[in-house]
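Student: Residue numbers (this note's numbering): 1 to 98. Take this structure, written in structure tokens, and hold onto it; I'll ask about it next.
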Amino acid sequence: MCGIVGIVQQQETKIGKSIIESLTKLEYRGYDSVGIASIFDNKVLITKDQGKISEVTERIDINKIKGKIAIGHTRWQLMVLQLKKMRIHTLIVVEKYL
Numbered sequence: 001m002c003g004i005v006g007i008v009q010q011q012e013t014k015i016g017k018s019i020i021e022s023l024t025k026l027e028y029r030g031y032d033s034v035g036i037a038s039i040f041d042n043k044v045l046i047t048k049d050q051g052k053i054s055e056v057t058e059r060i061d062i063n064k065i066k067g068k069i070a071i072g073h074t075r076w077q078l079m080v081l082q083l084k085k086m087r088i089h090t091l092i093v094v095e096k097y098l
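Shown next as structure tokens:
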């Protein structure tokens with residue numbers, strides 16, 4: 001089971017903090033990774049790492065995540081396999097959307 005949230009806002013401020021706060025409300029299991037994709041300056045920016053939300057936010061600066069649109073997720077791994085950072089989700093499909 002995964003937790004997924006999306007935010008669309010008027011300002012390009014603190015969207016990373018808003019996504020993390022929303023994901024934290026969904027965190028009720030042993031999630032093992034977190035990913036955020038935001039749109040800023042017509043580019044998709046991806047931030048992701050292994051660990052619980054509280055562990056990941058100690059390693060990344062969520063205030064640097066900018067944009068008016070963002071989607072975030074937590075992943076609950078079903079198998080006992082060590083994740084590599086490249087396998088952590090936040091998948092993107094690039095299309096002309098702006």
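Heads up, the beta-carbon is just placed ideally off N, CA and C, and yes, glycines get one too.
1) Could you tell me whether the Cβ atoms of Ile15 and Ala70 are closer together than 9 angstroms?
2) Taking all protein chains shown into account, decide if Lys25 is buried (16 or more other Cβ within 10 angstroms of its Cβ) or exposed.
3) Could you pull out every residue in the same chain whose Cβ sits closer than 7 angstroms to the Cβ of Thr57, ignoring the five residues on either side in sequence?
4) Judging by CA-CA distance, which residue of Asp41, Ile36 and Gln10 is the nearest neighbour of Lys17?
5) By DSSP, does Lys14 sit in helix, in strand, or in coil?
6) Look at Ser33 and Ile65 and say whether their C-beta atoms are less than 9 angstroms apart.
7) Would you identify the three-state DSSP class for Leu83, choosing helix, strand or coil?
8) Can you give, in chain order, each stretch of the alpha helix (DSSP H) that sits fully within the region 3 to 65 and has at least 4 residues?
9) Assuming Gly72 is part of the beta strand (DSSP E), what are its boundary residues?
Tutor: In short:
1) Working through the sequence shown from its first residue, we reach residue 15 at position 15. Working through the sequence shown from its first residue, we reach residue 70 at position 70. Cβ distance < 9 angstroms, so Ile15 and Ala70 count as in contact.
2) In the sequence shown, the residue the question calls residue 25 occupies position 25. Flag for Lys25 reads exposed.
3) Residue 57 sits at position 57 when you count from the first residue of the sequence shown. So the qualifying residues of the chain are Ile20.
4) The residue given as residue 17 occupies position 17 in the sequence shown. Nearest of Asp41, Ile36 and Gln10 to Lys17, Cα basis: Ile36.
5) For the purposes of this step, residue 14 is taken as residue 14 along the sequence shown, with counting starting at 1. Looking at Lys14 - three-state DSSP - the assignment turns out to be coil, as it is neither helix nor strand.
6) Sequence index remark: in the sequence shown, residue 33 carries index 33 (1-based). Sequence index remark: in the sequence shown, residue 65 carries index 65 (1-based). No, these two residues do not count as a Cβ contact at 9 angstroms.
7) Numbered from its first residue, the sequence shown carries residue 83 at position 83. With a pLDDT of only 48 at Leu83, under the threshold of 50, the placement of this residue in the model should not be trusted; the figure read from the coordinates follows. Note: Leu83 maps to coil in three-state DSSP.
8) 15 to 26 and 53 to 59
9) By one-based count along the sequence shown, residue 72 stands at place 72. Ile69 to Arg75 is the extent of the beta strand (DSSP E) around Gly72.
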